[in-house]
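Numbering (the numbering used here), first residue to last: 17 to 164. We put the CB at the ideal spot given by N, CA and C, even for glycine. Here the structure is a predicted model, which is why all the values come from computation and not from measurement. In what follows, a structure is listed as structure tokens, so that the remarks can point back to it.
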């Protein structure tokens, strides 16, 4: 086996423990994914919502720090969170949290060895998307009823 002449692929050439050369596979990237394919879309959205959820934790830290700082700081955070932009951010974080949780449950089922058949993969991907919308709206309906 000869190594590729392209220096960009040099990192993908390696050796087995017995010393024989081996060509390592390339990892997929965004250009390789078909964004309209259910498995790709759910996988990419799971990563994006994980990042969004991490940013949401920063908002929680801001809220808690303002709560500990005093009434003036807390009033500023509450003003932002109750503004149109703040509510939009909170709604988006709610959707991200639900999507990431439901996609995580789907992956947990896969880790247990269930749901690998293509029809099941498609069905559970659609279920994650529909359930995200339903649970997000339901969460906000309950929140609005409690707030009033």
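- Query: Looking only at its own chain, which residues have a Cβ that is under 7 Å from the Cβ of residue 89, when we skip the five neighbours before and after it?
  - Reply: By 1-based counting over the chain shown, the position of residue 89 is 73. Excluding residues within five positions, the ones whose Cβ falls inside 7 Å are 82.
- Item | Distance, residue 144 Cα to residue 119 Cα | Mapped onto the chain shown, residue 119 falls at position 103. Mapped onto the chain shown, residue 144 falls at position 128. Rounded to the nearest angstrom, the gap between the Cα atoms of residue 119 and residue 144 is 6 Å.
- Going by DSSP, what residues sit across from residue 30 in a beta bridge? In the chain shown, residue 30 corresponds to position 14, counting from 1. Listed as beta-bridge partners of residue 30 by DSSP are 38.
- Query: How about the stretch 97-115 and the stretch 68-88: do they share at least three Cβ pairs that are nearer than 8 Å?
  - Reply: Yes: at least three Cβ pairs fall under 8 Å.
- Cβ atoms of residue 141 and residue 54: under 8 Å apart, would you say? Residue numbering aside, residue 54 sits at position 38 when the chain shown is read from its first letter. Residue numbering aside, residue 141 sits at position 125 when the chain shown is read from its first letter. Yes, they are a contact pair.
- CA-to-CA distance, residue 126 to residue 148, given in whole angstroms: Mapped onto the chain shown, residue 148 falls at position 132. Mapped onto the chain shown, residue 126 falls at position 110. Spanning the two alpha carbons is a distance of roughly 19 Å.
- Task: Identify the continuous alpha helix (DSSP H) that holds residue 107 and give its terminal residues.
- Result: Taking the chain shown and counting its residues from 1, the one referred to as residue 107 is at position 91. First-last of the alpha helix (DSSP H) with residue 107: 100-127.
- Can you grab the Cα-Cα spacing for the pair residue 158 / residue 151, in whole Å? For this step, residue 158 is matched to residue 142 along the chain shown. For this step, residue 151 is matched to residue 135 along the chain shown. The alpha-carbon of residue 158 is positioned some 10 Å away from that of residue 151.
- Message: What does the Cβ neighbour count give for residue 122, buried or exposed, with the cut at 16 atoms within 10 Å?
- Response: As a first step, residue 122 must be located in the chain shown, where it is residue number 106. Buried, since its Cβ has 16 or more Cβ neighbours within 10 Å.
- Cβ atoms of residue 115 and residue 61: under 8 Å apart, would you say? On the chain shown, residue 61 is found 45 positions in, with the first residue counted as 1. On the chain shown, residue 115 is found 99 positions in, with the first residue counted as 1. In contact: residue 61 and residue 115 (Cβ atoms closer than 8 Å).
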